[in-house]
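A.B. asks:
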Amino acid sequence: DAKTTQPPSMDCAEGRAANLPCNHSTISGNEYVYWYRQIHSQGPQYIIHGLKNNETNEMASLIITEDRKSSTLILPHATLRDTAVYYCISYTGFQKLVFGTGTRLLVSP
Amino acid sequence: GAVVSQHPSWVICKSGTSVKIECRSLDFQATTMFWYRQFPKQSLMLMATSNEGSKATYEQGVEKDKFLINHASLTLSTLTVTSAHPEDSSFYICSARDASQGETQYFGPGTRLLVL
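In order, the protein sequences belong to chains A and B. Going by my numbering, the first residue of the first sequence is number 1, and it counts up by one from there. Going by my numbering, the first residue of the second sequence is number 1, and it counts up by one from there.
#1: For R112/B, which of E55/A, G29/A, R37/A and Q42/A has the nearest alpha-carbon?
#2: Following the continuous beta strand (DSSP E) through E63/B, name the residue where it begins and the one where it ends.
#3: Does DSSP classify P76/A as helix, strand or coil?
#4: Can the beta-carbon of Y87/A be found less than 8 Å from the beta-carbon of F99/A?
#5: Is P109/A helix, strand or coil by DSSP?
#6: For R97/B, which of W35/B, H7/B and V19/B has the nearest alpha-carbon?
#7: Using a beta-carbon distance cut-off of less than 9 Å, what residues from the region 89-111 of chain B approach chain A?
#8: What are the residues in the region 28-51 of chain A lying within 9 Å of chain B by C-beta distance?
#9: Can you find a CB in chain B that lies within less than 8 Å of the CB of L62/A?
#10: Let me check one thing: in DSSP terms, what residues is Q42/B bridge-paired to?
#11: Helix, strand or coil for E124/B per DSSP?
#12: Is S83/B helix, strand or coil by DSSP?
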């Protein structure tokens, strides 16, 4: 079973920031928080990952709470092409990636 | 960087035939490759893990004699679905990881298999 919980769906207006929450209250000290997204009929796309510190790359920002029990993925200016299912996964290289049901983000004009 | 390709992108075959799917890491050496399967409206499920030059490790419930995996080089893994049946119709996705560069898995675009 997935060790994270996410809302099943979210809506966002084009151009606005999309803030996708994830709860991982049982995360262990050596597990990273990974975010992937899957656009319809495609393979998952890696977005970002982090351990303790907040991270930012060209796609998104990842905010991890100090107790590491939850995190938020931020897409600063959502576009229609960001419509996808977003998966939050807690993971170390010694484990297998377990995909839960994710959050279905719909970006509307 | 970190591009993974799959071939073919889709395939239709008759029941009882075998189908081979290729997964390639284009710009890095994949010490480990993974094969997943995704049925409609469901999430990805790991089928097996393969390390270059060694036998694959299969997840519980996945028949190793039906889903043959070969990881003969650091850039290529193949999945062969033997004696395919309609219930094997699914979306097959591979991922690859270079352990020397971290634990991130990069996914291929997937192969859609339809068995008639």
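Just so you know, even glycine gets a beta-carbon here, dropped at the ideal spot from N, CA and C. If you're wondering where the values come from, they're calculated on a predicted model, not measured in any experiment.
C.D. replies: Based on what the coordinates show:
#1: Checked all of E55/A, G29/A, R37/A and Q42/A; the closest Cα to R112/B is Q42/A.
#2: It is not in any beta strand (DSSP E) - E63/B carries neither H nor E in the DSSP assignment.
#3: Reduced to three states, the DSSP call for P76/A is coil.
#4: Closer than 8 Å, so yes.
#5: In the structure shown, P109/A sits in coil (DSSP, three-state: anything other than H, G, I, E or B).
#6: Among W35/B, H7/B and V19/B, the Cα nearest to that of R97/B belongs to W35/B.
#7: Answer set for the region 89-111 of chain B: F91, I93, C94, S95, R97, A99, G102, E103, T104, Q105, Y106, F107, G108, P109 and G110.
#8: Of all residues in the region 28-51 of chain A, Y32, Y34, Y36, Q38, S41, Q42, G43, P44, Q45, Y46 and H49 have a Cβ within less than 9 Å of some Cβ in chain B.
#9: No, because no Cβ of chain B sits closer than 8 Å to the Cβ of L62/A.
#10: Partner residues in a beta bridge of Q42/B, as assigned by DSSP, do not exist.
#11: Any answer about residue 124/B is impossible in this case: the structure gives chain B only from 1 up to 116.
#12: Here DSSP, grouped into helix, strand and coil, assigns S83/B to coil.
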